Amino acid sequence: AQSVTQLGSHVSVSEGALVLLRCNYSSSVPPYLFWYVQYPNQGLQLLLKYTSAATLVKGINGFEAEFKKSETSFHLTKPSAHMSDAAEYFCAVKEDTSNTGKLIFGQGTTLQVKP
Amino acid sequence: GAVVSQHPSRVICKSGTSVKIECRSLDFQATTMFWYRQFPKQSLMLMATSNEGSKATYEQGVEKDKFLINHASLTLSTLTVTSAHPEDSSFYICSVGLGPRQFFGPGTRLTVL
Chain A
1 AQSVTQLGSH
11 VSVSEGALVL
21 LRCNYSSSVP
31 PYLFWYVQYP
41 NQGLQLLLKY
51 TSAATLVKGI
61 NGFEAEFKKS
71 ETSFHLTKPS
81 AHMSDAAEYF
91 CAVKEDTSNT
101 GKLIFGQGTT
111 LQVKP
Chain B
116 GAVVSQHPSR
126 VICKSGTSVK
136 IECRSLDFQA
146 TTMFWYRQFP
156 KQSLMLMATS
166 NEGSKATYEQ
176 GVEKDKFLIN
186 HASLTLSTLT
196 VTSAHPEDSS
206 FYICSVGLGP
216 RQFFGPGTRL
226 TVL
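Protein chains in written order, with our numbering: chain A, 1 to 115; chain B, 116 to 228.
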């Protein structure tokens, strides 16, 4: 069965510092992996996705993630944090890439950006 | 992509009443829709998979008689929270699958007094 683990429920960085949010997955087949961001009282916004093409995926707002099969990881990074990056971040995995496939979420990581 | 809407965006009800939440796929015919629930400061938990023209598939631990799902058309799925109680207060989000991606509605905030 597929699952996702996000290490660190809360990450705090200073403005301008590197952002690293960790995600490890478990899947019986090559997975599709996603990072979403959620601002307070809002829905989900897709940051980026890995769909078996390039292992280094670039997303919106300067974020990127690298798929490492050997480590079963898909960590999210951003070189320089902005105050506006403060939000909740969710990693998600999908094994079945058909329209009926389930998307399973990690526990989420709250990113705090200090001035 | 697919555009997904939800109605209402926010609802407050009294304990014991039933509340219906609609999820619409505006530009895509969806045979399958998904319903998630998100408690404050927590992640999204998949509640059920809504199947057009047939019964929904519920995740373990989700009461099918309490959370009634109807997917009568290719563009509309409804979730009815029956006899709602304060512990049902949550953020309910639906989504539509399109290939490897899922497209999410904006969510419905349910508050049960």
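We treat Cβ as the ideally placed atom computed from N, Cα and C, and that holds for glycine. Quantities reported herein were computed from a predicted structural model and do not represent experimental measurements.
Item checked: Amino acids of chain A, ordered along the chain, whose beta-carbon sits closer than 7 Å to that of G168(B) -> Position 53 of the second sequence, counting from 1, holds the residue named residue 168(B). Those within 7 Å of G168(B) in chain A number zero; the least Cβ separation is about 13 Å.
Next item on the list: Consider the Cβ of P123(B): report whether some Cβ of chain A lies at a distance smaller than 8 Å.
Entry: Numbered from its first residue, the second sequence carries residue 123(B) at position 8. Judged by the 8 Å Cβ criterion, P123(B) is not in contact with chain A.
Check: Relative to the C-alpha of S28(A), which residue among A54(A), A86(A), D96(A) and G16(A) is closest?
Finding: The count along the first sequence starts at 1 and reaches residue 28(A) at position 28. In this structure, D96(A) is the residue among A54(A), A86(A), D96(A) and G16(A) with its C-alpha nearest to the C-alpha of S28(A).
Item checked: Residue environment, G168(B), which counts as buried when at least 16 other CB atoms sit within 10 Å -> Numbered from its first residue, the second sequence carries residue 168(B) at position 53. By the 10 Å Cβ count, G168(B) comes out exposed.
Item checked: Short CB-CB distance (under 8 Å) between G222(B) and chain A -> For the purposes of this step, residue 222(B) is taken as the residue at position 107 of the second sequence. By this cut-off, G222(B) is an interface position.
Check: Ordered along the chain, which non-local residues of its own chain (more than five positions away) have a Cβ less than 6 Å from that of T72(A)?
Finding: Start at 1 with the first residue of the first sequence, and residue 72(A) comes out as number 72. Only residues of its own chain outside the window of five on either side were considered, and among them N24 and Y25 have a CB closer than 6 Å to the CB of T72(A), listed in chain order.
Check: Do V227(B) and S210(B) have their C-beta atoms within less than 8 Å of each other?
Finding: In the second sequence, the residue the question calls residue 227(B) occupies position 112. In the second sequence, the residue the question calls residue 210(B) occupies position 95. No; because the gap between Cβ atoms is not below 8 Å, this pair is not in contact.
Notebook entry, point to check: Using 8 Å as the limit for Cβ to Cβ distance, is S158(B) near chain A?
Noted result: Residue numbering aside, residue 158(B) sits at position 43 when the second sequence is read from its first letter. Closer than 8 Å: yes.
Checklist line | For N41(A), the three-state DSSP class (helix, strand or coil) | finding: To locate residue 41(A), count along the first sequence from 1; it is residue 41. In the structure shown, the three-state DSSP call for N41(A) is coil.
Next item on the list: For L103(A), decide whether its Cβ has a neighbour in chain B, counting only Cβ atoms nearer than 8 Å.
Entry: Numbered from 1 along the first sequence, position 103 holds the residue referred to as residue 103(A). So yes, L103(A) belongs to the interface.
Margin query: Tell me the rounded alpha-carbon separation between H10(A) and V19(A).
Written below: One-based indexing of the first sequence puts residue 10(A) at position 10. One-based indexing of the first sequence puts residue 19(A) at position 19. Roughly 12 Å between the two C-alpha positions.
Note to self: Please tell me whether L21(A) and H75(A) are closer than 8 Å, where the distance is taken between their beta carbons.
What the structure shows: One-based indexing of the first sequence puts residue 21(A) at position 21. One-based indexing of the first sequence puts residue 75(A) at position 75. Yes; because the gap between Cβ atoms is below 8 Å, this pair is in contact.
Margin query: Can you check whether the C-beta of N99(A) is within less than 8 Å of a C-beta belonging to chain B?
Written below: Locating residue 99(A) in the first sequence gives position 99, counting from the first residue. Taking Cβ atoms only, chain B reaches closer than 8 Å to N99(A), which makes this a yes.
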